[in-house]
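Chains as they are written, first to last, in numbering that gives the first Met the number 0: chain U, 0 to 92; chain C, 0 to 556; chain X, 0 to 398. By construction, the Cβ of each residue, glycine as well, lies at the ideal position given by its N, Cα and C atoms. Take a look at the structure below.
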Amino acid sequence: MRTTPVTTPTVSITVDGRPLTAPAGATVAAALLADGLRAWRRTRHAGRPRGQFCGIGACFDCLVTIDDAPAQRACLVPVRDGMRVSTDRGEDA
Amino acid sequence: MSGYDVAVIGAGPAGLAAAVSALERGARVLCVDAGAQPGGQFWRHRSEAVMPDDGALHHGWAMYRALRARFDAGAAAGALTYLPGTSVWMVQQVPGGGFELFVTDTVSGAAVQTRSTAQSGSAAQGGAAGWGGQPAATAPLRAATLVLATGGYDRQVPVPGWDLPGVMAAGGIQATIKGSGVLPGRRVLLAGTGPFLLPVAANVLAADGEVVAICEAASLTGWLPGVGAALGVPGKAVEGAGYVRHLLRHRVPYRRSTVLTGIEEADGGTLRATTVRVDADGHARPGTERVIEDLDVVGLGVGFTPQVELGLQLGAGTRVGEDGSLILVADAAQESTVPGLYVAGEACGVGGAVLSVTEGHVAGRCAAVASGARALVAGDGARGADEDAAVQEAGAEAPAGPAAASGTDHGPTAASCTGADHGPTAAEARILRRQRAFAAAMHAAHPVPPGWQDRLAPDTTVCRCEEVTAGEILAARQDAHASDARAAKQVTRAGMGWCQGRMCGFATACLAAGAEPGAEPGADGLADAARRPVAAPVTLAALAADPDPHDNADRAE
Amino acid sequence: MTGTRGCDVLVIGAGIVGAAVAYFATRAGLSVTVVERGLPASGTSSRCEGNLLVSDKELGPELDLTLHSLRIWREDLAEHAGDWEFQPKGGVVVASRESSLVSLRRVMAAQRAHGLDVAEVDAAGLAELEPHISPEAVGAAYYPQDAQVQPVLAATGLLALAEAGGARVLVNTPVTGMLRDGSRVVGVRTQAGDLAAGAVVNAGGTWGGQIAALAGVDVPVLPRRGAVMVTEPLPPVIRHKVYAAEYVDNVGSSDAGLQASPVVEGTPAGTVLIGSTRERVGFDRTPSMPGLRTLAANAVALFPFLAQVRIMRHYLGFRPYCPDHLPVIGEDTRAPGLWHACGHEGAGIGLSVGTGHLLAQALSGVATEVSLAPFAPARFGDGAPGATVDALSAPLPES
């Protein structure tokens, strides 16, 4: 049984300048995961890749820049039409 | 006094029940919740702005809908002020009685408007100069009594490779599916301990994912001593059996006495996990090692860590719960050691949604009575408590998942809890006893996997935020006398990063306390790792803003 | 050199000052035992900022001790600088009004006369030093000698060096009394037994007065609370220690109630520390929202970009201060055998190694490079220990 109905509405966001169609109501983290991305941030000390870990806003691993606001927890922010997401992967990714 | 009679922090099972019961006793209620919509983690569902959730992935959904209806009615009637997407970063006692809540926008950490502009008039332009155009004036949030229904999050112990992309908390996988309708990856391995791994597996299957295996550290022969308790709660056994049947039908291996020893990145961006079978002390049985390839996601969880920091800020008493987590002490009325501070749900002991809801009803009702609410409704005259309780317990525990939820889930209603102003009704007490007995049996059967410390390599990350390794924490204990959680944190920075020790606190406290038998950290040691004077990040602009000079003393009814 | 005498020097307290005393005494060839009631650095040493400042010192003995101590940090301990993140970053005192700049110039002139290195910087120069400083700033004083260490690493590092040199450290060992031979202090009593010593050093920090009371002498150490906020990790945007000109006035004042002038600095971990209040509230651990509010507003006034930056935590520490705002260093002639090294108020980290070095000289019977006379314990007279705050039983602040 599918949990996502075939007719789920979508929104258009950009991730590091790249357009992405995301399920409406999904979190930014879920949208990135749905797009096949599992890591979008580098740790400060050793530059290790991180994505979503706890999924509920407790671990702060999933940080992204959203509409120029830095260090937002991607798992807490629902996607919005026209949202600009920037990650540590940068526009070359 | 001005302000609210009862402030409830959290809108999950316990918080919804507390708010509803307080409302129905006539209290003016404030409910502050970090989530964008009610439900907490247990009833996390798709965004209501986009689509209705049919409850198919949920458990006790009808109970949620019933609570939600009463919650929404309270808000519509103006008796309940509901602040979603809002985090309480600090609570303080007010001299002379009551509590003050300091809040911030959960996502941004910025100031939150706590009064409607219609009421405050000048709130939009008053107070300190707004930084970045945000409303700067926020009315102080005060309440005579406070109910902490702050829930918890997955507890973790580190495993080599657990900080690789694709490794998630089991609850994170579930939140992604239930909240966003997205499967985080196709081939999923779940590992750790506890019955919670089962509904996560069921959700993955329902989302067309593949559960390669469930690695349960416990042998579950520990269920035998507790089977009497388990049988006292028939719904739970049915629930468990339902999950197991479902998983067998999908050929999902459920491997007991099995732990992860490591996770590695493999070619093609997938993960490879190594497992081993263990004996009762957690020692690996030779020759039982297994390698599992081509994983997209590894889900981890060893029970739950309750969120107790607001209680710690107020100096409430704590103890170590039966699952080894730090919890707030609560009496029969769900009151903590701080008068006027009530606790319900995981924050006073992990034990499932029915326990949380029941405790929430008791806490909300008793807090309302204690608050001396002006419009307090007398406790007599309504439906019979026994009838309600029987309906609730039988219905609430019907298995959900693919078998679809039953339609008769109702929690014990406030109206049914007649006459119990300072504690549970007889029916509630029976539910609490049974649920707690079941929880105790469950915890005894699913201890934190023994030997987890022995499976760490010196370079295994323990503090994910500050990238502190097990070797560094053990060296600090050895060379710098850092033999408690606080000292370990101060010397190594474990717990000083973004999450302030939420993920690593339990492990750091255990490692600092040492691995000798009897060296467990205890309540003080766990409290060192659980204390957070700033419970949610808050911007300097929000801190700097003067409070609204018009106190909510003149708050309209 | 143990025997019936026990150790040469018994240090009570393994905070930054106790660790420094232990290190230098060990270096001087003395046998040392440190007894700590909890774990090292569990008091004020782990609730401060790690300041090594000349800029805020009263001219006179305090400054003399400071210059001596800073030289030791920079030169004698240079090989260990990496152990404790020693950063000779310099300090900038920022004036936001012309009148503050005028006062600052007077202060700078007097400081220069005392041998301090300080340069006036105009608004343009300030913007070069700190690109994110408020455009309202009119000028500043730049102190290249101001520096920073990570205070917990410094305390545990000095202690480890002392142990490597043969010192013994007993943790979780509270001192419950003094051992006397007539009027002479000859050791301490602990729950782990009696420890004999040629000299006992009270490095009890904010609890130093209670330690002194065990020997029947008055060393009036009082707590002056300070709150520090810690931001989210940021790129290195703040390069120096930066304070508002009011901070210098704040330090020496004894006014009751709340004072809060901002000190803002970055750390190697990326967080920005925003300190600090100065409150006389005894050992009260309840955070003061007005204090945090004032600190936040003052910090944003210095660096407007901080408005959108979030704090992750704050902590409270209790500075040990004496009524004359000078530390207590040296042998207590009122109780021979007992020495003190405490009461350093908000300068404990900076002054610790100088204190340890000088005290080790005195303990060895060598003339001290800087006179300890101004810091003499006997200046508090022969009165009985004051019944001030019940400090020893006051639990440590949480977090």
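*Would you mind stating whether residue 18 of chain C and residue 79 of chain C have Cβ atoms separated by less than 8 Å?*
Result yes, Cβ atoms of residue 18 of chain C and residue 79 of chain C sit closer than 8 Å.
*Cα-Cα separation between residue 53 of chain U and residue 264 of chain X, rounded to whole angstroms*: The alpha-carbon atoms of residue 53 of chain U and residue 264 of chain X are separated by roughly 32 Å.
*Please name the residue or residues paired with residue 338 of chain X in a DSSP beta bridge.*
The secondary-structure analysis by DSSP pairs residue 338 of chain X across a beta bridge with X:200, X:330.
*Contact set between the segment 39–60 of chain U and chain X, restricted to residues whose Cβ is under 7 Å from the partner*: For the segment 39–60 of chain U, which is checked against every Cβ of chain X, the residues closer than 7 Å are 43.
*For the alpha helix (DSSP H) that residue 308 of chain C lies in, which residues bound it at each end?*
308–312 is the span of the alpha helix (DSSP H), which, as asked, contains residue 308 of chain C.
*Roughly how far, in whole angstroms, is the beta-carbon of residue 139 of chain X from the beta-carbon of residue 199 of chain X, given that I think they are within contact range, below 8 Å?*
In fact, because the Cβ distance is near 45 Å, the residues do not count as touching under 8 Å.
*Measuring only between beta-carbons, confirm whether residue 79 of chain X sits less than 8 Å from chain C.*
Residue 79 of chain X does not count as touching chain C.
*Flag residue 482 of chain C as yes if its beta-carbon sits less than 8 Å from any beta-carbon of chain X, otherwise no.*
Closer than 8 Å to the CB of residue 482 of chain C there is at least one CB belonging to chain X.
*asked:* Once the 5 residues before and after residue 67 of chain X are set aside, which same chain residues still bring their CB inside 8 Å of it?
replied: Residues of the same chain with a CB within less than 8 Å of the CB of residue 67 of chain X, apart from the 5 flanking positions on each side, are 353, 356, 357, 368, 369 in chain order.
*State the Cα-Cα distance for the pair residue 81 of chain C and residue 544 of chain C, rounded to the nearest angstrom.*
When the Cα atoms are used, residue 81 of chain C and residue 544 of chain C turn out to be separated by approximately 22 Å.
*asked:* Is the beta carbon of residue 22 of chain U closer than 8 Å to that of residue 42 of chain U?
replied: Not in contact: residue 42 of chain U and residue 22 of chain U (Cβ atoms no closer than 8 Å).
*Taking just the CA atoms, how far does residue 506 of chain C sit from residue 514 of chain C?*
Cα to Cα, residue 514 of chain C sits roughly 11 Å from residue 506 of chain C.
*Could you spell out where the beta strand (DSSP E) holding residue 226 of chain X opens and where it closes?*
Taken as a continuous stretch (DSSP letters only), the beta strand (DSSP E) holding residue 226 of chain X covers 221–230.
*Label residue 98 of chain X either buried or exposed according to how many other C-beta atoms from any shown protein chain fall within 10 Å of its C-beta, with 16 as the threshold for buried.*
So residue 98 of chain X ends up on the exposed side.
_Contact set for residue 402 of chain X: own chain, Cβ-Cβ below 6 Å, skip 5 residues either direction_ = What is shown of chain X runs 0 to 398, which leaves residue 402 of chain X out entirely.
_Buried or exposed (CB count within 10 angstroms, at least 16 for buried), residue 161 of chain X_ = Residue burial annotation: residue 161 of chain X is buried, with at least 16 other C-beta atoms found within 10 angstroms of its C-beta.
*Which residues of chain X have a Cβ atom closer than 9 Å to the Cβ of residue 23 of chain U, listed in chain order?*
By Cβ distance, chain X contributes nothing, its closest Cβ being about 28 Å from residue 23 of chain U, past 9 Å.
*Is the CB of residue 57 of chain X under 8 Å away from at least one CB in chain U?*
Using beta-carbon distances, residue 57 of chain X does not count as an interface residue toward chain U, since no partner is under 8 Å.
*To the nearest angstrom, report how far apart residue 176 of chain C and residue 69 of chain X are at their CA atoms.*
Between residue 176 of chain C and residue 69 of chain X, the alpha-carbon positions lie close to 58 Å from each other.
*Note the first and the last residue of the continuous beta strand (DSSP E) segment covering residue 4 of chain C.*
First-last of the beta strand (DSSP E) with residue 4 of chain C: 3–8.
*With residue 442 of chain C as the anchor, note down where its alpha helix (DSSP H) starts and where it stops.*
According to the DSSP assignment, residue 442 of chain C belongs to the alpha helix (DSSP H) that extends over 425–444.
*Cβ neighbours of residue 378 of chain X in the same chain (closer than 8 Å, five flanking residues each side left out)*: Result list for residue 378 of chain X: 323, in chain order.
_Contact criterion: CB-CB distance below 8 Å. Does residue 33 of chain U meet it with respect to chain X?_
Residue 33 of chain U does not count as touching chain X.
*residue 18 of chain U - DSSP class collapsed to helix/strand/coil*: In the structure shown, residue 18 of chain U adopts extended strand secondary structure according to DSSP, grouped into three states.
*Is there at least one Cβ from chain C nearer than 8 Å to residue 14 of chain U's Cβ?*
For residue 14 of chain U, not one C-beta of chain C is nearer than 8 Å to its own C-beta.
*Buried or exposed for residue 332 of chain X, please, with buried defined as at least 16 other CB atoms from any protein chain shown within 10 angstroms of its CB.*
Flag for residue 332 of chain X reads exposed.
_Could you tell me the alpha carbon to alpha carbon distance between residue 332 of chain C and residue 500 of chain C, rounded to whole angstroms?_
Between the alpha carbons of residue 332 of chain C and residue 500 of chain C lies a gap of roughly 31 Å.
*Closest to residue 223 of chain X by CA distance: which of X:361, X:282, X:80 is it?*
Nearest to residue 223 of chain X by C-alpha distance, out of X:361, X:282, X:80, is X:282.
*Do the segment 205–223 of chain C and the segment 277–293 of chain C meet, that is, are 3 or more Cβ pairs less than 8 Å apart?*
Counting Cβ pairs under 8 Å, three or more are found: they touch.
_Quick check: the Cα distance between residue 386 of chain C and residue 358 of chain C, rounded to an integer number of angstroms?_
Reliability of the predicted coordinates at residue 386 of chain C is poor, the pLDDT of 39 falling under 50, and no value is obtained from them.
*List the residues of chain C that residue 63 of chain U touches, going by C-beta distances under 8 Å, in chain order.*
Correct list: empty, because the minimum Cβ distance to chain C is about 12 Å.
*Listing by chain order, which chain X residues have their CB less than 7 Å from the CB of residue 492 of chain C?*
Chain order gives the chain X residues near residue 492 of chain C as 268, where near means a beta carbon separation below 7 Å.
_Continuous beta strand (DSSP E) stretch holding residue 60 of chain X: start and end_ = Taken as a continuous stretch (DSSP letters only), residue 60 of chain X belongs to no beta strand (DSSP E), being part of the alpha helix (DSSP H) at 60–70.
*Kindly say whether residue 232 of chain X, judged by its beta-carbon, lies nearer than 8 Å to any beta-carbon of chain U.*
With 8 Å as the cut-off, residue 232 of chain X counts as an interface residue toward chain U.
*Locate the beta strand (DSSP E) running through residue 278 of chain X, then write down its first and last residues.*
Looking at the DSSP string, the run of the beta strand (DSSP E) that includes residue 278 of chain X is 271–278.
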